[in-house]
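Here the protein sequences line up with chains A and B, keeping their order.
Each residue of the first sequence is one higher than the last, beginning at 1 in this note's numbering.
Each residue of the second sequence is one higher than the last, beginning at 117 in this note's numbering.
Quick notes on the structure that follows.
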Amino acid sequence: DAGVIQSPRHEVTEMGQEVTLRCKPISGHDYLFWYRQTMMRGLELLIYFNNNVPIDDSGMPEDRFSAKMPNASFSTLKIQPSEPRDSAVYFCASSERLAWKVDTQYFGPGTRLTVL
Amino acid sequence: AQKVTQAQTEISVVEKEDVTLDCVYETRDTTYYLFWYKQPPSGELVFLIRRNSFDEQNEISGRYSWNFQKSTSSFNFTITASQVVDSAVYFCALSEANTGFQKLVFGTGTRLLVSP
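Shown next as structure tokens:
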């Protein structure tokens, strides 16, 4: 089975530009997560969805960030306008809820974003 | 308050040495899950193990073993006879019942360097 797919793998853009990161979760997984990894803050959860509905976006840094999940197989994380401090690796992960317990979150390869 | 502490920032060993990566967690929940992920130089996050709070049995998988001790709130990871391919950053993570097990809180990671 294919794992979590993210695109692009690398993105270099200039300050002020709009950036869209894409994610395709593992088929059948009903939870999708967006994380950001930086040297200063480590791995932090930005937002997660359950059955395409955003459940918790408390980790989204500010209004410049938005995420959508229009269907079960696709999600986007958009930054508009981008700033140099947004430079980071952005990971998408998905998991499957099994009754009362949690399944493991499986991560995509990440998108390395550089904002100049 | 930091809930997952990986006090070892970086560890260097020579191939074939055994090495233990420490993880100490903090939670008020009686039901929780602990995880270890590996991040090799290529950047992806690879799931290694999940353990729930009711299962204190140690686990062994090849050269990898995990020691879970609720009495000390620790979930340590040992690599026996380390190899150069084990060089990576290793993250310990926690999910708790009070978040529906969906929020993974990561430690800051331990960078393991295995030299030939």
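The beta-carbon is built from N, C-alpha and C at its ideal position, and this holds for glycine as well.
Looking at C-alpha atoms only, which residue of 22/A, 15/A, 17/A is the closest neighbour of residue 74/A?
As a first step, residue 74/A is located in the first sequence; it is residue number 74 there, counting from the start. The residue among 22/A, 15/A, 17/A with its C-alpha nearest the C-alpha of residue 74/A is 22/A.
Is there a Cβ from chain A that is less than 7 Å from the Cβ of residue 159/B?
The count along the second sequence starts at 1 and reaches residue 159/B at position 43. Output row for residue 159/B: interface = yes.
Starting from residue 15/A and walking both ways along the beta strand (DSSP E), at which residues does that stretch end?
As a working note, residue 15/A is residue 15 in the first sequence. From DSSP, residue 15/A is part of no beta strand (DSSP E); its letter is neither H nor E.
Based on DSSP bridge pairs, tell me the residues matched to residue 129/B.
One-based indexing of the second sequence puts residue 129/B at position 13. In the DSSP assignment, residue 129/B forms a beta bridge with 230/B.
Suppose the cutoff is 7 Å on Cβ atoms and the five residues either side in sequence are ignored; what does the same chain contact list for residue 222/B look like?
As a working note, residue 222/B is residue 106 in the second sequence. Only 120, 207, 209 meet the Cβ criterion.
Just to make sure I have the definition right: I need the residues of chain B whose C-beta is within less than 9 Å of the C-beta of residue 89/A. Which are they?
For the purposes of this step, residue 89/A is taken as residue 89 along the first sequence, with counting starting at 1. Those are 159, listed as they occur along chain B.
Measuring straight from C-alpha to C-alpha, what distance separates residue 165/B and residue 175/B?
As a first step, residue 165/B must be located in the second sequence, where it is residue number 49. As a first step, residue 175/B must be located in the second sequence, where it is residue number 59. Approximately 9 Å between the Cα atoms of the pair.
So which residues on chain A does residue 224/B lean against when the C-beta distance must stay under 8 Å?
The count along the second sequence starts at 1 and reaches residue 224/B at position 108. Simply 42.
Near residue 30/A, which residues of its chain fall below 7 Å by C-beta distance, leaving aside the five closest residues on each side in sequence?
The sequence position of residue 30/A within the first sequence is 30, counting from 1. Excluding sequence neighbours, residue 30/A sits near 50, 51, 96, 97.
Taking residue 217/B as part of the beta strand (DSSP E), name the residues at either end of that continuous run.
Here residue 217/B is taken as the residue at index 101 of the second sequence, counted from 1. Run containing residue 217/B: none; DSSP gives neither H nor E here.
Who are residue 50/A's beta bridge partners in DSSP?
Residue numbering aside, residue 50/A sits at position 50 when the first sequence is read from its first letter. Bridge partners of residue 50/A: 31/A, 53/A.
Identify whether residue 187/B lies in helix, strand or coil by the three-state DSSP scheme.
Here the question's residue 187/B lines up with position 71 in the second sequence. In this structure, residue 187/B counts as helix in the three-state DSSP scheme.
In three-state terms, what does DSSP make of residue 84/A?
The count along the first sequence starts at 1 and reaches residue 84/A at position 84. Reduced to three states, the DSSP call for residue 84/A is helix.
Please tell me whether residue 25/A has its Cβ less than 7 Å away from any Cβ of chain B.
For this step, residue 25/A is matched to residue 25 along the first sequence. False, the Cβ-Cβ gap to chain B never drops below 7 Å.
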